[in-house]
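Asks: Numbering (this note's numbering), first residue to last: 114 to 520.
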Ligand SMILES: [Zn+2]
Ligand SMILES: [Zn+2]
């Protein structure tokens, strides 16, 4: 455990900045922005970080307009450890901050700045980074950032997410792959000369039907979803072009790859039966979240001892698999990571407009700041103990290895 003195300092430091931090997350709540259009959030968060002592702020990082990275370093030659926190900030179309990413934004900023303030106050060495990660909901911001090397020089990644009245240290998510499927046929008069056409709507329907019968043979937890986005303009025209989105989801990357090959066969069936050409384009793909048990246990211990949150110990009954997918999964494939869950006062789950109402309250803000303190304490302990960090990395390698046989 880090010392009580450091814990008390961080609590006081965050308490002193409480109103300022509340204003930032409420401003972001009042300006909901989606999928790589989070300009207000980007400018608000980096504006705050630029005012903090000793931080180097890089806006529009990794080739993404709304991504950013901030770094604070003290005697890295004495301690090469680099810990990192994430701030998400994108909203959902039409229903605002109904996933509470305004709270995730402020938790990352708070954790990172309080760690840096403690490092200055107590003369601690190491490096802390804050990554501003856009487009979690639809665009795979972290997937692009992983590819751009954002976590290459980082040892661990720490973030949290709000949920309706739930607290967890350990959670998992599904891997997924979102694919645009297109069929290219030939338009013709549907009554006068249908034999001159090649029916792309039929190809899409056959693909859908093939996928539907396949569902019976899937394993529990495998999910195949689809919609038709282009299915022809008029019933009296043979459809020359059709398109749809097909999503496959499963508990592991390996299993998702297996389902993708099944989907490809369904698409080929549609193509062969009708004579259409096809194109499949993967739009985004998230890996499942591999939570690092050692860091989860640190976070749980701090949250329970400092705030009496009562997060239950890790066992098979206390793992939250939130069914959906998160691009923090892709981060967890490149560095040891955690994705803690903190509660907001809501009867409904995220992605519901009523949940958005709960993410702007003082009570939810308090909960987000407590989670931020848990992140900060966990990060500081990892940064200050090279043996602990080595154990975390060893456990992570072991987890990754175990995934390889999981399909
Ligand atoms: Zn969401
Ligand atoms: Zn979310």
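Positions of the beta carbon are idealized from the N, C-alpha and C atoms, including for glycine. None of these values were measured; they are calculated from a predicted model.
Identify every run of the alpha helix (DSSP H) within the region 365 to 431, keeping only runs that are complete inside it and at least 4 residues long; order them along the chain.
Replies: Here the runs fully enclosed are 366 to 387, 406 to 420.
Asks: Can the beta-carbon of residue 298 be found closer than 8 Å to that of residue 311?
Replies: Yes, the pair counts as a contact, with Cβ atoms nearer than the cut-off.
Asks: Given this structure, state the Cα-to-Cα distance separating residue 249 from residue 302, to the nearest angstrom.
Replies: Going by the C-alpha atoms only, they are around 44 Å apart.
Asks: With three or more beta-carbon pairs closer than 8 Å as the criterion, would you say the region 137 to 144 touches the region 210 to 220?
Replies: Segments in contact, yes.
Asks: Are at least three pairs of beta-carbons, each pair with one atom in the region 351 to 367 and one in the region 398 to 411, less than 8 Å apart?
Replies: Output reads yes: the region 398 to 411 touches the region 351 to 367.
Asks: Look up residue 227 in the DSSP assignment and say whether it is helix, strand or coil.
Replies: Of the three classes helix, strand and coil, the one that applies to residue 227 here is helix, per DSSP.
Asks: Measure the CB-CB distance between residue 179 and residue 149 and report whether it falls below 8 Å.
Replies: Yes.
Asks: How long is the line joining the alpha carbons of residue 386 and residue 321, rounded to whole angstroms?
Replies: Approximately 13 Å between the Cα atoms of the pair.
Asks: With H, G and I counted as helix, E and B as strand and the rest as coil, what does DSSP make of residue 281?
Replies: Strand.
Asks: From which residue to which residue does the beta strand (DSSP E) around residue 318 run?
Replies: Residue 318 -> not in any beta strand (DSSP E); alpha helix (DSSP H) instead, spanning 313 to 327.
Asks: For ligand 1, enumerate in chain order all residues having a CB closer than 7 Å to any of its heavy atoms.
Replies: The set, ordered by position in the chain, is 205, 212, 249, 250, 437, 463, 464.
Asks: Whole angstroms is fine: what's the gap from residue 493's alpha carbon to residue 177's?
Replies: When rounded, the distance between both Cα atoms is 29 Å.
Asks: For the region 147 to 178, list the alpha helix (DSSP H) runs that are entirely contained and at least 4 residues long, ordered along the chain.
Replies: The region 147 to 178 contains these whole alpha helix (DSSP H) runs: 152 to 163.
Asks: Taking the C-alpha atoms as reference points, what is the distance between residue 481 and residue 455?
Replies: Their backbone Cα atoms lie some 7 Å apart in a straight line.
Asks: Between the C-alpha atoms of residue 225 and residue 244, what's the straight-line distance to the nearest angstrom?
Replies: Using only the alpha carbons, I get a separation of about 10 Å.
Asks: In angstroms with no decimal places, state the Cα-to-Cα distance between residue 235 and residue 333.
Replies: Between residue 235 and residue 333, the C-alpha separation is close to 51 Å.
Asks: Can at least three beta-carbon pairs, one atom from the region 273 to 288 and one from the region 458 to 467, be found at a separation below 8 Å?
Replies: Touching, per the Cβ criterion.
Asks: Is it a yes or a no for the region 507 to 516 touching the region 355 to 362, going by three-plus beta-carbon pairs under 8 Å?
Replies: Cβ pair count under 8 Å is below three, so no.
Asks: Quick one: any contact between the region 257 to 271 and the region 150 to 158, if contact means 3 or more CB pairs under 8 Å?
Replies: At 8 Å Cβ cutoff, the stretches do not touch.
Asks: Taking only beta-carbon atoms, is residue 368 less than 8 Å away from chain C?
Replies: Protein chains in the displayed structure number just one, and chain C is not present.
Asks: Whose C-beta lies closer than 7 Å to the C-beta of residue 205 among residues of the same chain, with five residues either side of it excluded?
Replies: Hits under 7 Å: 147, 211, 212, 250, 464.
Asks: Between the C-alpha atoms of residue 451 and residue 485, what's the straight-line distance to the nearest angstrom?
Replies: Approximately 13 Å, taken between the alpha carbons.
Asks: Tell me where the beta strand (DSSP E) around residue 456 begins and ends.
Replies: Residue 456 -> beta strand (DSSP E) spans 450 to 457.
Asks: For residue 253 and residue 382, what's the separation of their Cα atoms in angstroms?
Replies: Residue 253 and residue 382: Cα-Cα distance of roughly 30 Å.
Asks: Just mark residue 328 as buried or exposed, buried being the case when its beta carbon has 16 or more other beta carbons within 10 Å.
Replies: Flag for residue 328 reads exposed.
Asks: Run through the DSSP bridge pairs and tell me what residue 350 is partnered with.
Replies: Looking at the DSSP assignment, residue 350 forms a beta bridge with 302.
Asks: How big is the Cα-Cα spacing for residue 116 and residue 338?
Replies: Rounded to whole angstroms, residue 116 to residue 338 spans 50 Å at the Cα level.
Asks: With a threshold of 16 other CB atoms inside 10 Å of the CB of residue 476, please say whether the residue is buried or exposed.
Replies: That one is exposed.
Asks: My guess is that residue 161 and residue 228 are in contact by the Cβ rule of under 8 Å, so how many angstroms apart are they, rounded?
Replies: The Cβ separation is near 15 Å, so there is no contact.
Asks: So the alpha helix (DSSP H) residue 488 belongs to, where does it begin and stop?
Replies: It spans 475 to 496 - the alpha helix (DSSP H) in which residue 488 sits, taken as one unbroken run.
Asks: Could you spell out the range, first to last residue, of the beta strand (DSSP E) harbouring residue 236?
Replies: No beta strand (DSSP E) contains residue 236, which DSSP labels as neither H nor E.
Asks: Just to confirm, are residue 287 and residue 395 a CB contact at a threshold of 8 Å?
Replies: Not a contact, by the Cβ cut-off of 8 Å.
Asks: Are residue 377 and residue 393 closer than 8 Å when you measure CB to CB?
Replies: Yes, they are a contact pair.
Asks: Based on DSSP bridge pairs, tell me the residues matched to residue 271.
Replies: Partner(s): 198, 451.
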